[in-house]
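What follows is one structure encoded as structure tokens, with my remarks underneath.
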Amino acid sequence: MVKKNMKKENKKSQFKIQQMSFMLLAVVLFFILVALFWLAFQYSSLKKQATETSKEQAVLLAEFISGSSEFSCASEQGSYCVDTDKIIVLKNASYKELWPVSYIKIKKITKEKEKDCNIANYPNCTNFNVFDAKTESTSTAGSFIALCRHERVAGYVQNICELGKIMIGYEAK
Amino acid sequence: MTGKFRKGQEEMVGFVMIIVLVSVIALVFLVISIRKPTEMRTSKEVESFLHSALLFTSSCQSSSERVYDFKDLIEACLKNERCLDEENSCDVLNNTASELIETSFSVGENARYKAYNFKIYEENETLISLRKGNYTSSITGGELLLYISARNLNIRLELYY
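Written out as structure tokens, the structure is:
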């Protein structure tokens, strides 16, 4: 009788242990799922940040180039002002020794139809292909700039500035 | 038999309590992470946009020999001036700002940026405020400080992505 009772108790305890282990497993699985969800969320925001950071570096390069004396306006606006009168004259000059870049393009930000600039159609155009080394580029850097020129309006010489973007093609290391 | 049932019920109650407790903890964490104040990440691109936009020549003329750039236009708006064609300088400022932002950044539901918020303000006064789209929790943008007509102005552009 005692043996029978012992056997019964043992079975009951085993069942209890089994129940407890299932419970623990369920709780652990639940926490793993929560952690996975959190990790996925963190990873996506980290990826976003990495893309933004590489873009920032590229923008700095574009700013550095647009701030050079070959491009910048005579005024004190620094790297945010590019003189298009200079660019149209200096177009196709060799910049290869100056900057190790694949290309330098400047684009006017406008709703007008895109048109390449040359001496004949300037300033009624949108794209300045300043320099093209005809080498392959793996990355493009862009920065906003003001495209300024001198123009005679109603008999007075005015400094006319439009919004543009300078794009630099370079090989990402 | 009744004792067994009661024990079973007690275990079920314990199990439910554990689930509820864990859910509450998870919910608290979720709420904290969602309500975390969204900070603007400074963007060089937006800063370059703001610097360049200040030089943009507007359609507002003060006289036949002077065309206002964006910075002059802010000053004219502060002084409540009118352009040569009798248009209100603040209206021109609003239109120019929204046109510049919308042609420079693609903003929309399916675009890279979901919304924008542009403000020119000083400590306790907002000169202009433009907003478009649905805000998200990720913000990138830039801010400039300007000293115009003996007033310290802030120009801020926030882009939600």
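Just so you know, the sequences run in chain order A and B.
Per my numbering, the first sequence runs over residues 103 to 275.
Per my numbering, the second sequence runs over residues 812 to 972.
Think of the CB as a built atom: it goes at the ideal place given N, C-alpha and C, for glycine as much as any other residue.
**Message:** Just to make sure I have the definition right: I need the residues of chain B whose C-beta is within less than 7 Å of the C-beta of A:Q260. Which are they?
**Reply:** Position 158 of the first sequence, counting from 1, holds the residue named residue 260 of chain A. Within chain B, the residues near A:Q260 are V878.
- Task: Look at the alpha carbon of A:Q144 and the alpha carbon of B:N928, and state the distance between them as a whole number of angstroms.
- Result: Locating residue 144 of chain A in the first sequence gives position 42, counting from the first residue. Locating residue 928 of chain B in the second sequence gives position 117, counting from the first residue. If you take the alpha carbons of A:Q144 and B:N928, they lie about 26 Å apart.
With the cut-off set at 8 Å, would you say B:I950 and B:C901 are in Cβ contact?
Residue numbering aside, residue 950 of chain B sits at position 139 when the second sequence is read from its first letter. Residue numbering aside, residue 901 of chain B sits at position 90 when the second sequence is read from its first letter. No. Outside cutoff.
Pair within 8 Å by beta-carbon distance, B:Q872 and B:L841 = By one-based count along the second sequence, residue 872 of chain B stands at place 61. By one-based count along the second sequence, residue 841 of chain B stands at place 30. Not a contact, by the Cβ cut-off of 8 Å.
- [ ] Check the Cβ of A:S245 against every Cβ in chain B and list those closer than 8 Å, keeping chain order.
- [x] As a working mapping, residue 245 of chain A is identified with position 143 in the first sequence. By Cβ distance, chain B contributes K855, E856 and S859.
| message | DSSP has A:H252 in a bridge; who is on the other side? | response | As a first step, residue 252 of chain A is located in the first sequence; it is residue number 150 there, counting from the start. A:H252 pairs with A:N261.
Contacts that B:R852 makes with chain A (C-beta to C-beta distance below 9 Å)
As a position in the second sequence, residue 852 of chain B is number 41, starting the count at 1. By Cβ distance, chain A contributes Q151 and E154.
- Using a Cβ-Cβ cut-off of less than 9 Å, give me the residues of the region 202 to 235 of chain A that come near chain B, in sequence order. I211, T212 and K213
message: Taking 7 Å as the limit between beta carbons, can you name the residues of its chain near A:N231, skipping five residues before and five after?
response: As a position in the first sequence, residue 231 of chain A is number 129, starting the count at 1. If we look at A:N231 and ignore the five residues flanking it on each side, its Cβ neighbours are K207 and D218.
_Contact between the region 870 to 890 of chain B and the region 900 to 920 of chain B (3+ Cβ pairs under 8 Å)_ = yes
Between A:Y272 and chain B, is any beta-carbon pair separated by less than 8 Å? As a position in the first sequence, residue 272 of chain A is number 170, starting the count at 1. Not one chain B Cβ lies under 8 Å of A:Y272.
### Task
Mind listing the chain A neighbours of B:L838? Cutoff is C-beta to C-beta under 8 Å, in chain order.
One-based indexing of the second sequence puts residue 838 of chain B at position 27. None at all; the shortest Cβ gap to chain A is about 11 Å.
Counting only runs that start and end within the region 861 to 924 of chain B, where is the beta strand (DSSP E) found for 3 or more residues in a row? 868 to 874 and 877 to 880
**Prompt:** How big is the Cα-Cα spacing for B:I885 and A:T153?
**Reply:** Taking the second sequence and counting its residues from 1, one reaches residue 885 of chain B at position 74. Taking the first sequence and counting its residues from 1, one reaches residue 153 of chain A at position 51. One C-alpha to the other measures close to 34 Å.
Min CB distance A:L138 to chain B below 8 Å: Counted from its first residue, the first sequence places residue 138 of chain A at position 36. Not an interface residue.
With A:L249 and B:S915 assumed to form a contact (beta carbons below 8 Å), what rounded beta-carbon distance in angstroms separates them?
Translated into positions along the first sequence, residue 249 of chain A becomes position 147. Translated into positions along the second sequence, residue 915 of chain B becomes position 104. So it is not a contact: roughly 13 Å between Cβ atoms.
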